[in-house]
Each structure stands twice: as C-alpha cells, then as structure tokens.
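Take a look at the structure set out below.
Residue numbers (the numbering used here): 344 to 1318.
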C-alpha cells in the first residue's frame, strides 16, 4: 500500500497533469467554438447573439410567464420526440440538460421506438460518469460515478420499480428500448426526487401522446446474427434472432385525450465461449505446497508457478421477451391533467452451459497426477509453466440447463389539478411487481470406473484461450458415462427458485407561488411498501442403482447415457477440445436418476421475506431570481425519510433446519439538498449541488436468515464453556449515507453542441461490510442441542454491519460538437466525447483480511471514456461509438477455500450503426438500419489475486470469455 493510501487521502486534482491538460483542452475548445459560432451564425443555425453579452435582468412578469408545474425539472422534455435522427436525439438530450435545475445527463430516442443503441443500458453507458458491466456480452446494469449498480436508483416515469434480482439493481434488459423515449440521470438529487440512489438516479421515460402533434404509427423489424455460431448443437439455440416493435399514438376530442400503445418482442441468441483457470500455485520445492507436507507433483520443476485446474465451457442461451406499454393521457381543460401508464413484460430464457473441467493440483497427486515435457517462461516472482503433458486427470463433463421465466407489471396513475389561484395539487398512485421462476439442473459425466485421461497443453502467459489436446474423445457418447469422476459426492443437482418483489406507493404534492427569491414551493408526502420474498428448493440427483448416503454412495458407479437423450456435441474447439457430448439434461434427470431434497445452509438462507415500509415527507423551494445581472435558478429543500424494515427467514445450524426467525428495525434520516444554476452568460452555466443522500443496503443483506448453534469450547481461556456462535444477515442494517458536493461548468452552442467540466466530492459516512461481534445477544434464537446448556446468551456472530466510510473524488469532461461549426465542409459530421476520472478510498478494516483486497471501492473503474463519431445528411446516417472502462475490483470470491478478489480487467467495446431514411416520395417514412455491436469481438477478462505458500501475492488470469459480434439489419417505418 502506498503512502497516500495509508494516510487515507487522495491527492488534489490540481496535482494531476493529465486532468489539468484535459480540463484546459475542453475549456479552450468551448471558448474557440463559441467564438466560431458568433462568426458563422448561418452554420451554427442560431442567432448571432454574443456569448459574452450580459443577459437582461428578469422581471416578475417574465417569471410569471414561464412558471413551471409542480415538478419544474425540464428533464420531462425527453418525452416529446419531435426532431428526429442522431442530431435530433442530441438536441433533445441537451435541451433537458440545459433546462434542468439539477446536474443531470440525458439520452433521447432518435425517433419513435429508436434509442441510439440496441439497449437502454448501452445508451446510458455512453453518458459522462456512467459505466456498464456486461452480462452475457450485453450491457445490463449501470454504475454511476464508480459506485456499483447497488448504489444507483432507477425509476420509470418517476416511480420506483420492482426487480427480478435478489437486490435493488434493475436489469435494464427487462425494459425494451423500443418502448422507452429517453432517460435522465440525476447526479445531484433534490427533495422531491423519490427513490434516489447514493450515486445517482436513472429515470426512464415513456412517450406522452399529447406531446405529439398528430396521429403516429411506427414499426421496427430487425434480424440479428451472432458471429460465434451455434456452440451447443441440438440444443435448439442457433445464432440468429429478431427484434420487432409497433407503436400507435393518437389524439382525440380536440387533442384533449391521448393514447399510446407499444408492443415489442425480442428473440435473441447468446453464444458465449468461456475459459476459467481455477487457481495457481507453486507445487514443488521449499517455497511450494510440498513444504506443507503435501505430496510432490511428479515431473513438475521446483519453484515454478502452474495452473492447478480449469474449465472450458460453451454457453448457448435463447432470450425471448415480450413487452406491452400503454399510456392514456387526458387534459380536458387548463386545470386538470391525468396520465395512466401501464407496462407489462414477460421474459423467458433458456440456457445450455456445457463443458469440461479438471483438477491438476498437488492434492490429486495421490491419484496419479504427473507432468512431463514441461516448458516454462521466465517471469517474476516465479517462472510460469506454459506447455507440457499431464497424466492422471479425472476430467468431469458438466452439462447445465437453466430456464428462467420473469413477469414484470407496472402501473401508475398521475393526476394534476391547477386551482387557478396559484395552488396546484398532484396525486400519484403506483404499483410495481416482478416475479421470477427459475429451474436449474446439472449432471456429471466422464470415464467410468474412475478411469483417468491425459492431455497435452499450451496455456498463455496472459489472458487468452488455451490449447488442450486430450487423449480421449469426450464427444464420443459410447465412451462417456454418467458418473462422479472426481468424487464430488453426488451425481447431479436440481434447483427450483421462486421470487416476488412488490412495491405499492402513493404520493401527494401541493405547490404554490412564494415570492422573494423563490418562484414556488413544493410540499409533498410519499408512502411506499416494498416486500421481496424468495424461496429456493434444492435436490441432489443420484444414479438409479446408486446410494444417496455417505454409507452407500459409490463415486465410481456409472451408467451409459441413454441414446434417446443425446442431442449432438458441444463445440469447444476454441480451447483445443474437439468437443464434448451434449444431451437433454432434464430428460436424463427424470429417466436415469432419482432425487432427494438436500437444502444446505446456503440454500436455506435463500428462503426469506424482507419488507420495507417507507414514509417520506419533503419540502422544496424552487429558486428563480437574479444575482446582480446573473439569472439564478435552482432549488433548496429537505427530505425526511422514515424506514420500518423487517425480515422473516429460517434459522439453521449448519445444514440442519432449526426453525423460523423474525427481526427488524426502524430508523429515520433527514436529507437536505441544494441545487443552483447560474447563467453567467448566454447559454453558459455554472452549477453547484450539495446534498446528503442515502441508499439502503442490499436486500439479501437485510434478511434475518441465520446459521447459529452452541458448542463446548475445548481449548483456550474459555475451555469448558458452552458458547453460542453463528453467522447470517442483518435485519437491523442501517443505510449507506453520503454527503456530496458537485460543481459543473457548461457551455451550449450551435444546435447540438456543448462542452462541460464537472468535479465532485462524495464522503461516505459509513460503509457496509462483514464484521464479527463477540458480544452478540442470541436470546431470540433456538438451541437445537438441548443436551448442551449455553453458559451465556452472548456469543460471536458474523454479519453485515455499518462501519467506517470512505471518500470519492472525481473529474468529468464531456462535450458534443457539430462539424459545421468548424468548417462548412464538415457539415453533417459530429463528435461526442466524455472522460471521467474517479479516485476513492476505503478504510483498511473493511477488506484488509482478504488477499488482494482493494483500497478503493469495489466496482470502481478509475477511468471511463466514450467517443462517438457520426455523420448525418441527405438521409444517410453513420455512427461509430467506442466505450472504455479501466480495470476494477469485483466482489470477493472463494476458489477452493482460497478467498480472494476478482480483478475485472479494462474493457473496450466498439459499435457501428449505418442507416438511410427516405424523406419524400413513395418511400417517405421508411428507413433501413445496419448495426454491429461489439465490432472487434472484445473479450471479458478477469484476474485472480492469490497468496502463494511463500506468502507472496500474485495476479494471474482467471476468466477469458468472448461473446462474438452481433449484426442486426432491419427496417423502420413511421407514418
């Protein structure tokens, strides 16, 4: 750990040459282009008003003329899709950013049903300070300013949404991009923002029919193909799919009643090539495992670093999502406005994950593991084994089948009434539910009678696919048997999960003009009741004729694979394997195996209910005044949040079920906020935000699920005493709290151009991590060993706790430039770019006991950048976009009892979009589109950080996965 980290501080940004250079470049760019805009008003498409002119002081009459409704934030302008195309999308987003009282980022659809990217998350990830983590090769979850997705709030039309995961993070794939008109990302909150996150809040918008001038039809159809081909032959998952959507928007009764209906279907394949190096160590010699009394590995030189096992797997996944969105909007007069939003989707996913795994560790030496023809390359701290031959392997073929069925439903009814005397009332009623049903099963196969095999191997020094050439044809069904080759203790496993998340909420707000420096005040209350319930049932599978207990189970028992369940081979040729046998896991499970229920401690802990009742009261004063000749707007307010959280779950003692247990807590927090936006010159803003924010812990950390019991101490100072001990969740967990300050400078020019520089500081007042309490009260727990009477109700307990927090500091640079502002020859061209640099620190006590533990927040990429080049003219549109995030530390993982952190390496992805739109004649309204996602087939790479027997820590490859490039081609039609 370096000296700066030890001192618990981060060097000021002014000491960093890269940051200063970037900031200076952006500032000069803004100044130069503002001057260019004044000199060439025709090219800029705006008037020739000097950017340095002092705006006139606003009168009270001016303020009355443009009073905003109850929620004055102009991000709602994203709902109206009027200007189309790439530049139209940028214009709409910049309009929302410019008009907002908060510091926000925004995206807007290019047209009805056309977000700039193939998914919402991919569009969001191109915003300044945002990054995405790929799931199955696709952007699915969003990190804001370096904090993990757990810290970000997500709303749909301003309402919190239920989620299908065990936590709060929203899977954006559940929301069809074709039905979303745009999104606003609030980096600074205000008192009226409900469901805000610690890092920021993403608010998704659907269309509002009365915002459009006339009836509109829009239809989209795209076919897609994956370059990885079909990896699991016979599974029914190919390499081709499609996306289709239809939207109908209309207005009735003199434009007082609006209706919008949208349907979207996604039928998309995932073909993923996976490789994982299990773990690494030094086997032989005084610095190896041999020095700890483990048998020497024959044929392996002393003092060399070798891979101790691994697996090659191929995933084929079919995703089928159907979404329906309906909006009914009614504005019969100038006083009343009502909007009913309905959203429903189903998501069906089938996954086939098949492959081979093997262990070559010294712990297998007794069964005959040996090396020959070993080749090494020089490296520090030890030479690395890269080639050779291994004998005595007991390779395991594991075939997995997973089926997931999700249902999401969201309804919201918003009513606004303006009494005409300055008073306005808003009432909002909402309901959101997410249901998930999951069926997972896997079986083992391999050589019968505990037979062994051999392989030649060549493994890369750095992250890439290996080359294994086994001496056995694992794709030959006549040679492969159902068995337990490596003595895992069972023949297979099946799991059934059910989960339901429900949020019911009601909101009431009144607003009234105030005076002095304030335009009006918003006073409101919100009440939400969230309940998340999960159930998990696990069964172990045993071959017919084999035992299922420790006394009668035979690992070497084998049975041929029934030919009727065979379905082809799984292609692992990218790792040297010709392939492995593929079969129908569910049919084989039901015909050749029997099952016994076998929930263990970890399975029982996933049976729980967590409920959160949250009343919120807030007051927000909207600022609209002048400081001298400088217009100043913004808001100041406070939120009072009370939380009543409770949990009901199971108590176990190890793998033994003891009974049910309940617990909970109540707490209150006060969250003040301030946002100021000063227009220091024409379209040049200086913004400041200061706020205290909170985010509740992970829902699965709040569960009361516990493993606890009593035992007699046999040694040490407490020898002879009967003491409690245990571990579990924490239903009394308090939220994360942070105080953040933001400063942003923004300059807008042209029609779709701007430059911005922002800095922020966020102090985490606490952080949640596992701690052991030595004086925990077990008086509410059941002792399932009545023969042992505990000496005391006190004992040791490990669970998530609130501890000392950390700090985040960052710089964000962003801009957009129309080429026509630089030269008439570049008219139609444009560029968008952003870069963020974030530093963070965590207290050493949070993670120091784990090898490779970070001194920064898990999930934080220090550098995130995006660059997009586009051309749009004469109906043609071309966009090439690349996003980059530097390496970050993932969650702790346990690999064969070696606890460590996973380091996700730097990721860069390039996408291409090419289109043509017909704007006159017979084909008017028709456009064609070609998209290529992951143009360069960028892999996902991770490292593991391990402690070797000598105490030396090393970083070695863990995972290397490729997803292929996805090509989409289709047509859009708008009438």
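Yeah, the Cβ is synthetic: ideal placement off N, Cα and C, and Gly gets one too.
{"query": "Segment contact, 8 Å Cβ cut-off, at least three pairs: the segment 646 to 656 with the segment 666 to 686", "result": "no"}
{"query": "Straight-line Cα distance separating residue 1304 from residue 558", "result": "46 Å"}
{"query": "Residues near residue 1055 in its chain [Cβ-Cβ closer than 6 Å; skip 5 each side]", "result": "1065"}
{"query": "Paired residues, beta bridge with residue 944 - DSSP", "result": "BP columns for residue 944 are empty, so no partner."}
{"query": "In chain order, each beta strand (DSSP E) run of at least 3 residues that lies wholly inside the segment 1079 to 1114", "result": "1079 to 1092, 1096 to 1107"}
{"query": "Residue 387 burial status per 10 Å Cβ neighbour count (16 or more: buried)", "result": "At residue 387 the pLDDT is 33, less than 50, meaning the model places this residue with poor confidence; the figure from the coordinates comes in the next sentence. It is buried - the Cβ of residue 387 has at least 16 other Cβ atoms within 10 Å."}
{"query": "Three-state secondary structure assigned by DSSP to residue 827", "result": "coil"}
{"query": "Coarse secondary structure for residue 434, derived from DSSP in three states", "result": "helix"}
{"query": "Start-to-end residues for the beta strand (DSSP E) that takes in residue 1176", "result": "1172 to 1184"}
{"query": "Inter-residue Cα distance where the pair is residue 751 and residue 507", "result": "8 Å"}
{"query": "Beta-bridge partners of residue 669, as assigned by DSSP", "result": "604, 685"}
{"query": "Residue 921 versus residue 626: straight-line alpha-carbon distance, rounded", "result": "30 Å"}
{"query": "Residue range of the unbroken beta strand (DSSP E) whose run includes residue 935", "result": "Element bounds for residue 935: not the beta strand (DSSP E) but the alpha helix (DSSP H), 928 to 935."}
{"query": "The segment 991 to 1004 contacting the segment 1014 to 1031, beta-carbon criterion three pairs below 8 Å", "result": "no"}
{"query": "Buried or exposed by the 16-neighbour rule on C-beta atoms within 10 Å, applied to residue 543", "result": "buried"}
{"query": "Proximity below 7 Å, CB of residue 432 to CB of residue 451", "result": "yes"}
{"query": "Residue interval of the alpha helix (DSSP H) (run including residue 1044)", "result": "1042 to 1045"}
{"query": "Best match in 935, 795, 768, 927 for proximity to residue 834 [C-alpha to C-alpha]", "result": "935"}
{"query": "Cβ distance (whole Å) where residue 818 is taken to contact residue 928 below 8 Å", "result": "Wrong, their Cβ atoms sit about 17 Å apart, outside the cutoff."}
{"query": "Beta-carbon contacts of residue 747 that lie in its chain and below 6 Å, excluding the five residues immediately before and after", "result": "692, 781"}
{"query": "Reduced DSSP secondary structure (H/G/I, E/B, other) of residue 642", "result": "coil"}
{"query": "When 578, 1168, 1260 are compared against residue 914, the one with the closest alpha-carbon", "result": "578"}
{"query": "Where residue 680 falls, given that 16 or more other Cβ within 10 Å makes a residue buried", "result": "buried"}
{"query": "Cutoff 6 Å; reference residue 890; Cβ partners in own chain excluding five residues on either side", "result": "896"}
{"query": "Among 745, 816, 776, the one whose alpha carbon lies nearest that of residue 783", "result": "745"}
{"query": "Under 7 Å between C-beta atoms of residue 868 and residue 960", "result": "yes"}
{"query": "Beta carbon of residue 571 nearer than 7 Å to that of residue 1307", "result": "yes"}
{"query": "Backbone CA spacing between residue 1174 and residue 1161 [nearest angstrom]", "result": "7 Å"}
{"query": "Every unbroken beta strand (DSSP E) inside the segment 893 to 931 [3 residues or more]", "result": "909 to 913, 923 to 926"}
{"query": "Buried or exposed by the 16-neighbour rule on C-beta atoms within 10 Å, applied to residue 724", "result": "exposed"}
{"query": "At least three beta-carbon pairs within less than 8 Å, the segment 612 to 619 to the segment 943 to 950", "result": "no"}
{"query": "Candidates 821, 729, 777, 822, of which the one nearest residue 807 by Cα", "result": "729"}
{"query": "Same chain only: Cβ atoms within 6 Å of residue 1052, ignoring 5 sequence neighbours per side", "result": "996"}
{"query": "Per DSSP, the bridge partner or partners of residue 512", "result": "None, per the DSSP bridge assignment."}
{"query": "Chain-order list of residues whose beta-carbon lies under 6 Å from that of residue 609 (same chain, five-residue window excluded)", "result": "586, 664"}
{"query": "Reference residue 1030; option with closest CA among 530, 1076, 1009, 916", "result": "530"}
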